[in-house]
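Here is the structure we will look at, set down as structure tokens.
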Amino acid sequence: MTGEVKLNMNIINNRTGWIEVVCGSMFSGKTEELIRRIHRAEYARQKIQVFKPKIDNRYEKDQIVSHNKMKTPSEIVVTSDDIHNLVKYDTEVVAIDEVQFFDDDIVKLCNNLADSGKRVIVAGLDQDFTGKPFGPIPKLLAIAEYISKLSAICVICGNPASRTQRVTKNKETVLVGTTDIYEARCRNCHEVL
């Protein structure tokens, strides 16, 4: 059978990498889902490295922590270059929490890691408190193979919440906080103060 090409459909063994984005509003379970995926990879005995930006100082310094207190160890970084310098050759899964706090260089890094055969899982807010696309998330959504958009529950009406309501008058785009500063809101109950 000359000229026939046999395709190998087993992409895992060919070290094909990919990008997974977990996004949504605050209190939608993004970090909880990221930790769940990390634990599944650990169970599969895959080599994993987890990163979080230094600016995220809400819970524990050297761990990513969900609002319901699930946690897993992480390395603290400031820039995407820090991640590039820390990722080991034999790492199979790279997980990054609060990816919206990085600049657009994180997009190139994620692409390069996936191109080198790594599974890249990122989690972050897809919208800022005004309802506008947040940081590098839109570009990551465009290049990701897998996207999970999570919703919370609106604290006003109980409908699915896709927005993050800031309950303080501070107008800075980046303001790290939790229930003391933010609430989950649906489209109809969300207000830009």
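Under the numbering used here, the residue at position 191 of the sequence shown is numbered 185, and the numbers go up by one with no gaps.
All C-beta atoms, glycine included, are put in the ideal place defined by N, C-alpha and C.
The region 105 to 181 is shown to contain whole alpha helix (DSSP H) runs of 4 or more residues at 131 to 137, in chain order. DSSP links E69 through a beta bridge to F45. Here S68 is near K46, since their CB atoms are less than 7 Å apart. Beyond the five residues adjoining it in sequence on each side, I90 comes within less than 6 Å, by CB distance, of F45, V116 in the same chain, given in chain order. In this structure, A138 lies away from A155, with their beta-carbon atoms at least 7 Å apart.
Annotation: E36 is outside any beta strand (DSSP E); the continuous alpha helix (DSSP H) that includes it extends over 24 to 37. A distance of 7 Å or more separates the beta carbons of I32 and A108. Counting every other CB atom within 10 Å of its CB across the protein chains shown gives R34 a total below 16, marking it as exposed. For Q121, same chain residues with a beta-carbon under 6 Å away, outside a window of 5 residues either side, are F128 in chain order. Collapsing the DSSP output to three states places V186 in coil.
The beta carbons of Y176 and R160 sit closer together than 7 Å. In the three-state DSSP reduction, Q40 falls in the coil class, being neither helix nor strand. Going by DSSP, N79 is part of the alpha helix (DSSP H) stretching over 74 to 80.
By the neighbour-count definition (other C-beta atoms within 10 Å, threshold 16), R157 is a buried residue. Distance from the CA atom of D174 to the CA atom of V72, rounded to whole angstroms, is 25 Å.
Note: I13 is bridge-paired with V114 in the DSSP secondary-structure output. Taking E86 as the centre and dropping the five residues before and after it, the same chain places the C-beta of Q40, K41 closer than 6 Å to its C-beta, in chain order. For V87, the enclosing beta strand (DSSP E) covers residues 87 to 90.
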